[in-house]
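Beneath this line is the structure, given in C-alpha coordinates, with notes to follow.
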Amino acid sequence: MGEAEKVVCVTGASGFIASWLVNLLLQRGYTVNATVRDPYDGKKTEHLVALEGAKERLRLFKAELLDEGSFDPVVEGCVGVFHTASPCYYAVKDPQVILLLN
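With the first letter of the sequence shown counted as 1, position 91 gets the number 91 in full-length UniProt numbering; the numbers rise by one all the way through.
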(Lines of atoms letter the chains of each structure in order from A and count residues from 1; the text may use other names and numbers.)
(Lines give C-alpha, C1' and ligand atoms only; values in the text may rest on other atoms or scores of the structure.)
Protein backbone atom coordinates (compact mmCIF):
# COMPACT_ATOMS: atom_id res chain seq x y z
CA MET A 1 0.00 0.00 0.00
CA GLY A 2 1.48 3.34 -1.08
CA GLU A 3 1.57 6.43 1.09
CA ALA A 4 -1.37 7.98 -0.78
CA GLU A 5 -3.45 4.89 0.00
CA LYS A 6 -2.78 5.00 3.72
CA VAL A 7 -5.40 7.59 4.63
CA VAL A 8 -8.21 6.54 6.97
CA CYS A 9 -11.00 8.32 8.81
CA VAL A 10 -11.83 7.92 12.50
CA THR A 11 -15.13 9.44 13.60
CA GLY A 12 -15.55 10.63 17.18
CA ALA A 13 -11.76 10.71 17.50
CA SER A 14 -11.64 12.54 20.82
CA GLY A 15 -13.41 9.69 22.59
CA PHE A 16 -11.59 7.11 24.73
CA ILE A 17 -11.67 4.15 22.34
CA ALA A 18 -11.22 6.25 19.20
CA SER A 19 -8.18 8.08 20.58
CA TRP A 20 -6.45 4.75 21.20
CA LEU A 21 -7.35 3.72 17.66
CA VAL A 22 -5.92 6.99 16.28
CA ASN A 23 -2.72 6.32 18.23
CA LEU A 24 -2.40 2.81 16.79
CA LEU A 25 -3.08 3.98 13.24
CA LEU A 26 -0.47 6.74 13.51
CA GLN A 27 2.05 4.22 14.88
CA ARG A 28 1.40 2.04 11.83
CA GLY A 29 2.07 4.92 9.45
CA TYR A 30 -1.44 5.91 8.47
CA THR A 31 -2.59 9.46 7.88
CA VAL A 32 -5.71 9.93 9.99
CA ASN A 33 -8.60 12.22 9.15
CA ALA A 34 -10.18 12.53 12.57
CA THR A 35 -13.60 14.00 13.24
CA VAL A 36 -14.36 15.87 16.44
CA ARG A 37 -17.13 18.25 17.44
CA ASP A 38 -14.76 21.21 17.78
CA PRO A 39 -11.20 20.90 16.44
CA TYR A 40 -10.29 24.21 18.12
CA ASP A 41 -11.17 23.04 21.64
CA GLY A 42 -7.71 22.28 22.97
CA LYS A 43 -9.00 20.59 26.10
CA LYS A 44 -10.75 17.97 23.98
CA THR A 45 -8.06 17.53 21.34
CA GLU A 46 -4.74 18.02 23.16
CA HIS A 47 -4.36 14.29 23.78
CA LEU A 48 -4.68 13.69 20.03
CA VAL A 49 -2.29 16.38 18.82
CA ALA A 50 0.29 15.18 21.39
CA LEU A 51 0.44 11.71 19.83
CA GLU A 52 3.61 10.65 18.05
CA GLY A 53 3.17 11.30 14.34
CA ALA A 54 0.20 13.61 14.84
CA LYS A 55 2.02 16.71 13.65
CA GLU A 56 2.71 15.07 10.29
CA ARG A 57 -0.25 12.73 9.78
CA LEU A 58 -3.25 13.78 11.89
CA ARG A 59 -5.88 16.07 10.42
CA LEU A 60 -8.75 17.23 12.61
CA PHE A 61 -12.14 17.97 11.05
CA LYS A 62 -15.36 19.36 12.46
CA ALA A 63 -18.22 17.05 11.52
CA GLU A 64 -21.65 16.35 12.97
CA LEU A 65 -23.42 13.05 12.43
CA LEU A 66 -26.74 14.76 11.96
CA ASP A 67 -25.46 17.35 9.45
CA GLU A 68 -25.86 15.86 6.00
CA GLY A 69 -22.70 16.18 3.96
CA SER A 70 -20.43 17.22 6.83
CA PHE A 71 -18.42 13.99 6.47
CA ASP A 72 -17.97 14.23 2.68
CA PRO A 73 -14.62 16.08 2.73
CA VAL A 74 -13.39 13.94 5.63
CA VAL A 75 -13.81 10.56 3.94
CA GLU A 76 -12.74 11.67 0.47
CA GLY A 77 -9.68 9.65 -0.52
CA CYS A 78 -9.81 7.36 2.52
CA VAL A 79 -9.26 3.62 2.19
CA GLY A 80 -11.22 2.94 5.37
CA VAL A 81 -13.52 4.50 7.95
CA PHE A 82 -13.60 3.59 11.63
CA HIS A 83 -16.96 4.81 12.85
CA THR A 84 -16.86 5.31 16.63
CA ALA A 85 -18.90 8.51 16.89
CA SER A 86 -22.36 8.60 18.36
CA PRO A 87 -24.85 11.44 18.17
CA CYS A 88 -25.41 13.31 21.40
CA TYR A 89 -28.96 14.40 22.12
CA TYR A 90 -29.82 16.94 24.77
CA ALA A 91 -33.58 16.75 24.32
CA VAL A 92 -35.38 13.84 22.76
CA LYS A 93 -38.56 14.75 20.92
CA ASP A 94 -39.08 11.48 19.08
CA PRO A 95 -37.55 8.38 20.76
CA GLN A 96 -38.35 6.28 17.70
CA VAL A 97 -36.00 8.38 15.57
CA ILE A 98 -33.23 7.98 18.16
CA LEU A 99 -33.63 4.21 18.07
CA LEU A 100 -33.42 4.18 14.29
CA LEU A 101 -30.24 6.29 14.26
CA ASN A 102 -28.43 4.18 16.83
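We put the beta carbon where it would ideally sit given N, CA and C, even for glycine.
> Exposed or buried, which one is P73 when buried takes at least 16 other CB atoms within 10 Å?
Replying inline: exposed
>> Going by DSSP in three states, G80 sits in which element: helix, strand or coil?
In response: strand
> Can you list, in chain order, the stretches of the alpha helix (DSSP H) that have 4 or more residues and sit fully within the stretch 19 to 44?
Replying inline: none
> Excluding five sequence neighbours on each side, which residues of the same chain lie with their C-beta closer than 8 Å to the C-beta of K6?
Replying inline: G29, Y30, T31 and V79
> Just to confirm, are A34 and F16 a CB contact at a threshold of 8 Å?
Replying inline: no
>> Measuring alpha carbon to alpha carbon, tell me which residue in A18, E68 and S14 is nearest D38.
In response: S14
>> Please tell me whether, using a cut-off of 7 Å, the distance from the CB of D67 to the nearest non-hydrogen atom of the ligand GDP is below it.
In response: The ligand content of the structure shown is nil, which means the ligand GDP is not present either.
>> Strictly by DSSP, which residues pair up with L58?
In response: V32
>> I believe V81 touches C9 by the beta-carbon criterion, under 8 Å. Please report the beta-carbon distance rounded to the nearest angstrom.
In response: 5 Å
> In terms of residue numbering, what span does the alpha helix (DSSP H) encompassing D72 cover?
Replying inline: D72 to V75
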